[in-house]
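**Student:** What follows is a structure written as structure tokens; I'll ask about it next.
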Amino acid sequence: MDKAKVYFTDFRTTIGTSLTDKLKKLIRKAGIGTIDMDGKFVAIKMHFGELGNLAFLRPNYAKAVADVVKENGGKPFLVDCNTLYPGSRKNALDHLTCAEINGFNSVTTGCHVIIGDGLRGTDEVAVPVRNGEYFKEALIGTAVMDADILISLTHFKGHEATGFGGTLKNIGMGCGSRAGKMQQHNDGKPHVNTEDCRRCHRCAKECGSDAIFYDGPNGTARIDQSICKGCGRCIGACAFDAIENDNSNAVEILGCKIAEYTQAVCDGRPCFHISLIQDVSPNCDCHGENDAPILPDIGMLASFDPVALDQACVDLCQKAEPIRNSQLGDNLAKPGWHHYHDHFKDSNPNIAWKETLEHGEKIGLGTREYELITMK
């Protein structure tokens, strides 16, 4: 496979030129205009940030991308799918409220916001995974797959399991329905925190496999793990965050599964990918807070190849100087610290990221070999 082209620009601007202008210039140079968007639905996949987190991408960047899509005749919309964990984005109503509070609406972004897997995270479609080793089908939010074109707009940051959250994470995990996210997390099955259960029986009404029953001295909910199918509907149904899934997979396999889900989302239709390396927090934007950045702001990148884009972002980050007053800086300053010579692993030692990109390349999602084209 030939080297992929990855376009890069830093965050420097001249007087009279904004960063959003520079982003538009970058994606045009990277070839977004070669996609036939005329009259087509264009999904812009991004993360709206958990409430309390301030590291997510500003809506101004989303508007810049949406503006370029409209210039090319496309009909853009912003999309994300509901979360598996309890929080402020676990159903479409809470998710849309979260997006509004964090600044994402039709005025600020120039397009509508749609939650891809519906009200409760169950609006999904089974999509074939070409060359899949872990999955033959992936469960993807319906609105994501209904789009004619996919554009990923990613905040590149650290992650406590996958090492970094990049393009593949944004697409693969982010586009999965709740059941799809459960599949990627080892087909995990949720459990009830009985201390938080209010005995409202809403979860049992939503259960698709009659796996929830009530017993004990207080009549709290329980889940029969032998019957549970791991669809995750009960997590979205519980209004009191009493149902959780803490059965995660080995991080290496998790990364491979994310790559296969990305393959399912992208395969067979035009896709374009954008990644911004700024506010590189040590953990995911799904946290209700964000720690100080571990690395300085580096720049904006774009490519048609998601694997090459993630690899280029990693390489640029590894060359950057760690910020002293950060999780990474603190670890490196500890006496006797085992230096991994890998900023992501030195920040979160129990992670794996190379396997994700290696598997993505193996199944034909993209290549790790790239040519970095710098734009001033």
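Just so we're on the same page, my numbering is the position in the sequence shown counted from 1, plus 305. Think of the CB as a built atom: it goes at the ideal place given N, C-alpha and C, for glycine as much as any other residue. All of these numbers come straight from a predicted model, not from anything done at the bench.
I need the straight-line Cα distance from Gly437 to Gln623, nearest angstrom please.
**Tutor:** One-based indexing of the sequence shown puts residue 437 at position 132. One-based indexing of the sequence shown puts residue 623 at position 318. Computed Cα separation, rounded: 30 Å.
**Student:** Since Thr322 sits in a beta bridge, which residues does DSSP pair it with?
**Tutor:** For the purposes of this step, residue 322 is identified with residue 17 of the sequence shown, where counting begins at 1. Thr322 pairs with nothing; no bridge assigned.
**Student:** Roughly how many angstroms separate the alpha carbons of Lys330 and Asp529, rounded to a whole number?
**Tutor:** As a first step, residue 330 must be located in the sequence shown, where it is residue number 25. As a first step, residue 529 must be located in the sequence shown, where it is residue number 224. When rounded, the distance between both Cα atoms is 55 Å.
**Student:** Keeping to the same chain, check which residues put their C-beta closer than 6 Å to that of Thr499; ignore five residues upstream and five downstream.
**Tutor:** Position 194 of the sequence shown, counted from the first residue, corresponds to residue 499. Around Thr499: Thr525.
**Student:** Excluding the 5 residues flanking Cys543 on each side, which residues of the same chain have their C-beta closer than 6 Å to its C-beta?
**Tutor:** Against the sequence shown, residue 543 aligns to sequence position 238. Correct list, in chain order: Cys508.
**Student:** Since Thr388 is in the beta strand (DSSP E), which residue starts that stretch and which ends it?
**Tutor:** Along the sequence shown, read from residue 1 onward, the residue named residue 388 stands at position 83. From DSSP, Thr388 is part of no beta strand (DSSP E); its letter is neither H nor E.
**Student:** Extract the residue ranges of the beta strand (DSSP E) inside the region 459–536, only unbroken runs of 3 or more that lie entirely within it.
**Tutor:** Along the length of the region 459–536, whole beta strand (DSSP E) runs at least 3 residues long occupy 462–464, 468–470, 517–520 and 525–528, reported in chain order.
**Student:** Rounding to the nearest angstrom, what Cα-Cα distance links Gly479 and His648 in this structure?
**Tutor:** Here residue 479 refers to the residue found at position 174 when the sequence shown is read from its first residue. Here residue 648 refers to the residue found at position 343 when the sequence shown is read from its first residue. Cα to Cα, Gly479 sits roughly 24 Å from His648.
**Student:** Exposed or buried, Asn358, counting other C-beta atoms within 10 Å across all chains shown (16 or more means buried)?
**Tutor:** By one-based count along the sequence shown, residue 358 stands at place 53. Asn358 comes out buried.
**Student:** When burial is assigned at 16 or more other CB atoms within 10 Å of the CB, is Asn588 buried or exposed?
**Tutor:** For the purposes of this step, residue 588 is taken as residue 283 along the sequence shown, with counting starting at 1. So Asn588 counts as buried.
**Student:** According to DSSP, what are the bridge partners of Met259?
**Tutor:** Residue numbering for the chain in the displayed model covers 306 to 681; residue 259 lies beyond these limits and cannot be assessed.
**Student:** Report the option in Ala335, Ile406, Thr319 and Ser652 whose CA atom is closest to the CA atom of Leu600.
**Tutor:** One-based indexing of the sequence shown puts residue 600 at position 295. Answer by Cα proximity: Ser652.
**Student:** What is the residue span of the alpha helix (DSSP H) that Ala617 lies within?
**Tutor:** For the purposes of this step, residue 617 is taken as the residue at position 312 of the sequence shown. Per DSSP, Ala617 belongs to the alpha helix (DSSP H) from Pro611 to Lys624.
**Student:** Less than 7 Å between the C-beta atoms of Ile582 and Gly560, yes or no?
**Tutor:** Indexing the sequence shown from 1 puts residue 582 at position 277. Indexing the sequence shown from 1 puts residue 560 at position 255. No. Outside cutoff.
**Student:** Between which two residues does the beta strand (DSSP E) containing Leu643 stretch?
**Tutor:** Working through the sequence shown from its first residue, we reach residue 643 at position 338. Correcting the residue identity first, residue 643 is His in this sequence and not Leu. His643 -> no beta strand (DSSP E), and no H or E assigned at all.
**Student:** Does the beta-carbon distance from Gly481 to Tyr390 come in below 7 Å?
**Tutor:** Stepping through the sequence shown from its first residue, residue 481 is reached at position 176. Stepping through the sequence shown from its first residue, residue 390 is reached at position 85. No. Outside cutoff.
**Student:** Classify Trp658: buried if its beta carbon has 16 or more other beta carbons within 10 angstroms, exposed otherwise.
**Tutor:** As a working mapping, residue 658 is identified with position 353 in the sequence shown. Buried, since its Cβ has 16 or more Cβ neighbours within 10 Å.
**Student:** Quick check: what's the CA-CA separation for Ile660 versus Gln489?
**Tutor:** Position 355 of the sequence shown, counted from the start, is the residue given in the question as residue 660. Position 184 of the sequence shown, counted from the start, is the residue given in the question as residue 489. For clarity, residue 660 is Glu in the given sequence; the question names Ile instead. Computed Cα separation, rounded: 15 Å.
**Student:** For the alpha helix (DSSP H) containing Lys659, list its first residue and its last residue.
**Tutor:** On the sequence shown, position 354 is the one that residue 659 refers to. That run of the alpha helix (DSSP H) goes Lys659 to Lys667.
**Student:** How many Å lie between Tyr366 and Arg503 at the Cα?
**Tutor:** As a working note, residue 366 is residue 61 in the sequence shown. As a working note, residue 503 is residue 198 in the sequence shown. Straight-line Cα distance between these residues: approximately 41 Å.
**Student:** Report the three-state DSSP secondary structure of His400 (helix, strand or coil).
**Tutor:** Locating residue 400 in the sequence shown gives position 95, where the first residue counts as 1. His400 falls in the helix class under three-state DSSP.
**Student:** Can you round the beta-carbon distance between Leu383 and Val418 to whole angstroms, since I take them to be within the 8 Å contact cut?
**Tutor:** For the purposes of this step, residue 383 is identified with residue 78 of the sequence shown, where counting begins at 1. For the purposes of this step, residue 418 is identified with residue 113 of the sequence shown, where counting begins at 1. About 5 Å; that satisfies the 8 Å criterion.
**Student:** Rounded to whole angstroms, what is the Cα-Cα separation between Asn377 and Ile332?
**Tutor:** The count along the sequence shown starts at 1 and reaches residue 377 at position 72. The count along the sequence shown starts at 1 and reaches residue 332 at position 27. Rounded to whole angstroms, Asn377 to Ile332 spans 12 Å at the Cα level.
**Student:** With 16 other CB atoms within 10 Å as the buried threshold, where does Ser514 fall?
**Tutor:** Translated into the one-based positions of the sequence shown, residue 514 becomes position 209. Exposed.
**Student:** With DSSP as the reference, label Ser652 as helix, strand or coil.
**Tutor:** Along the sequence shown, read from residue 1 onward, the residue named residue 652 stands at position 347. In this structure, Ser652 counts as helix in the three-state DSSP scheme.
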